[in-house]
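>
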């Protein structure tokens, strides 16, 4: 049996990394494509390099899952679809070592895809270099950071049943207290 001190390392872990999309035109007056177009070129390059499956579309942009369970998607605000960023997500892994392996593999895939995307964009009239910047904030200092995913075991056996019973006992009083508190708040503000 694994010692309890090592059990947290046997949980499922995952990582989402936000990449700012960078395009450096071949010359100062060269046209620059929107980030959405660059993302599409990067995804086409990823699809050419590894087996993929389409995921659910978000804001008209496709999410692509790679054969190892990782994914790549485009994130943007509805009013600024041309200025989004690329999100790379690792598959859920069984520990930190496995997570780092998949994260590094995805980064290597994206580096190769950026080079291929630059060639594609150049043939479409956008000569330049494509790059991704791993970061957690935009140019204005707003944090849009990466997220981690950790599986946590709350309890098991009798302790799990006690946990569930405690939650079940808390729900009815909360359902009563919330409307009372809301009514009192409205009365105080009125």
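Numbering (my numbering), first residue to last: 153 to 342.
Cβ atoms here follow ideal geometry from the backbone N, Cα and C, with glycine treated the same way.
All of these numbers come straight from a predicted model, not from anything done at the bench.
Is the beta carbon of residue 234 sitting closer than 8 Å to the one on residue 187?
Yes; because the gap between Cβ atoms is below 8 Å, this pair is in contact.
> State the beta-bridge partners of residue 250 as determined by DSSP.
Paired residues: none, contrary to the question.
> Quick check on the burial criterion: 16 or more other C-beta atoms within 10 angstroms. Buried or exposed for residue 351?
One cannot answer for residue 351 here, as it falls past the ends of the chain, which runs 153 to 342.
> Output the distance between the C-alpha atoms of residue 205 and residue 268, rounded to the nearest integer angstrom.
Roughly 20 Å between the two C-alpha positions.
> Could you check what DSSP says for residue 178 in three-state terms: helix, strand or coil?
Residue 178: coil per DSSP, three-state reduction.
> According to DSSP, is residue 228 helix, strand or coil?
In the structure shown, residue 228 sits in coil (DSSP, three-state: anything other than H, G, I, E or B).
> For residue 266, which option in 181, 176, 250 and 335 has the closest C-alpha, if you only look at C-alpha atoms?
The candidate whose alpha carbon is nearest that of residue 266 is 176.
> Quick one: grab the DSSP three-state call for residue 171.
If DSSP states are grouped into helix, strand and coil, residue 171 belongs with the strands.
> For residue 255, which residues in the same chain have their Cβ closer than 7 Å to its Cβ, ignoring the five residues on either side in sequence?
Correct list, in chain order: 167 and 242.
> How would you label residue 238, buried or exposed, when you count the other beta carbons within 10 angstroms and need 16 or more for buried?
By the neighbour-count rule (16 or more Cβ atoms within 10 Å), residue 238 is buried.
> Could you check which residue in 240, 289, 236 and 209 has the C-alpha nearest to that of residue 223?
Among 240, 289, 236 and 209, the Cα nearest to that of residue 223 belongs to 240.
> Return the first residue and the last residue of the alpha helix (DSSP H) that residue 209 is part of.
Note, residue 209: premise wrong, no alpha helix (DSSP H); not H, not E.
> Tell me which residues share the same chain as residue 182 and place their Cβ nearer than 8 Å to its Cβ, disregarding the 5 neighbours each side in the sequence.
Taken in chain order, the residues that qualify are 278, 279 and 280.
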